[in-house]
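Residue numbers (our numbering): 781 to 823.
Even glycine gets a Cβ: it sits at the ideal position worked out from N, Cα and C.
Here the structure is a predicted model, which means the values were calculated and not measured.
Quick notes on the structure that follows.
Here it is in structure tokens:
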């Protein structure tokens with residue numbers, strides 16, 4: 781069970797990292813929350 785939870789956390793971590801990188805490369809401006817919300821809805 782513990783390994784299962786760790787795997788899920790790892791996937792979430794990688795997912796968030798990917799979203800963050802995409803956000804940083806696409807958005808150099810500071811529309812922070814709105815942009816992050818739009819990006820997360822794409823996935």
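- Collapsing the DSSP output to three states places residue 781 in coil.
- Between the C-alpha atoms of residue 806 and residue 784 there is a straight-line separation of about 33 Å.
- Between residue 791 and residue 797, the alpha-carbon positions lie close to 10 Å from each other.
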